[in-house]
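Chemist: This is the structure, below, for whatever I ask next.
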Amino acid sequence: MKLIHFCIFLILVVGTSIPVSGTPKQANDSVSQNLEAPDTTGQLSDTLKLKKDSLQKLVPYLDDVEADSKNKLLVLYMLAIILATFMSEDLACIGAGLMAAQGIIDFWPAAIAATAGIFIGDFTLYFAGRLMGNGIFNIPPFKWMVKKENVYSAEAWFEKKGPVILVLSRFIPGSRFPVYLSAGILKTGFWTFLLYFGLTALLWTPTFVWLSVFAGNELLLFYEAYEEYAVWAALAVFIFILVLLKYLVPEMKKKFGV
């Protein structure tokens, strides 16, 4: 019995003499700290801030690129309208109005381009007739569109009613080419031509483009509402225009002597 007591005493003494590194809680905390992932919150925040700063610096550049692209497209659209006036002034104005109606180009750039094209084309006709004189009757396509005898047979009448003819020709499709060319051949005064032709063109062209914008908007609304009938309506309008150009316009030309 004494031997057993002695062994128990020895175990207790030896057990209490072993150093303990810390309490159970401290040990658990130490293990938890070792298992936890490293703190990267600061690094992530710095990275996001860097990306944000980079994007903010990129925005002005992108705005400049977008503005430059819009300006280039605007120039191309205006050039297209100007070139179209050399083929047909009326159709070019209608096309400019339809482009404005669809938001492809603003109204004033479209109107300015149409007016510029008309001025360039019609002044070219005037100066061609004025500079070349009778020689222009031998040059295609002028010799196919204007006859020498017709021009000089109307010379006296043109001298009397020249300003009226210049104004009326703006509203009669197909009459401008021979009228402006004849004005140059017959040496109509430059300032007289500029006054009557210029004022009429400045007033009529933006108005015509605006009417085309209004008509274009109405056509687009009509097409959206009555899509299945829109094609037939467009065909009817096209036929009406053909009849107008074939029968009514020649009668107007005869009436006004153009």
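In the working numbering, each residue carries its 1-based index in the sequence shown increased by 767. We put the beta carbon where it would ideally sit given N, CA and C, even for glycine.
1. Can you tell me where the alpha helix (DSSP H) with Gly884 in it begins and where it stops?
2. Taking Thr852 and Gly884 to be in contact with their CB atoms under 8 Å, please state how far apart those CB atoms are, rounded to whole angstroms.
3. What do you get for Ile1006, buried or exposed, if any count of 16 or more other CB atoms within 10 angstroms of its CB means buried?
4. Evaluate contact between the region 885-894 and the region 948-967, counting only Cβ atoms and requiring at least three cross-stretch pairs below 8 Å.
5. For Glu803 and Lys837, what's the separation of their Cα atoms in angstroms?
6. Can you give me the C-alpha to C-alpha distance between Ile871 and Gly965, rounded to a whole angstrom?
7. On a CA-only basis, which of Phe944, Met854, Ala877 is nearest Gly864? Give me that one, please.
8. Would you report the Cα separation of Leu898 and Leu969, rounded to the nearest angstrom?
9. Excluding the 5 residues flanking Asn984 on each side, which residues of the same chain have their C-beta closer than 6 Å to its C-beta?
10. Cα separation between Ala859 and Leu843?
11. Below 8 Å on the Cβ atoms is my guess for Ser949 versus Val918; work out the distance and round it to an integer in Å.
12. What is the DSSP secondary structure of Lys928, reduced to helix, strand or coil?
13. Between Ser936 and Ile861, how many whole angstroms is the CB-CB distance? I'm expecting something under 8 Å.
14. Pick helix, strand or coil for Lys954, following the three-state DSSP scheme.
15. Can you tell me the Cα-Cα spacing of Met912 and Phe975, whole angstroms?
16. To the nearest angstrom, how far is it from the Cα of Phe981 to the Cα of Glu856?
17. On the criterion of 16 or more Cβ atoms from any shown chain inside 10 Å, does Val931 qualify as buried, or is it exposed?
18. Using only alpha-carbon positions, find the residue among Gly902, Ile939, Val946, Phe874 that is nearest to Gln925.
19. Can you give me the start and stop residues for the alpha helix (DSSP H) that Lys910 sits inside?
20. According to DSSP, is Arg937 part of a helix, a strand, or is it coil?
Modeler: In terms of the structure at hand:
1. 874-899
2. 3 Å
3. exposed
4. yes
5. For Glu803, the predicted structure reports a pLDDT of 49, less than 50, and the residue's modelled location is therefore unreliable. The matter cannot be settled from this model.
6. 28 Å
7. Ala877
8. 25 Å
9. Ala868
10. 15 Å
11. 5 Å
12. helix
13. Incorrect: roughly 18 Å between the Cβ atoms, too far for contact.
14. coil
15. 26 Å
16. 18 Å
17. exposed
18. For the record, residue 925 in the displayed sequence is Phe; it is not Gln. It is Val946.
19. 909-912
20. coil
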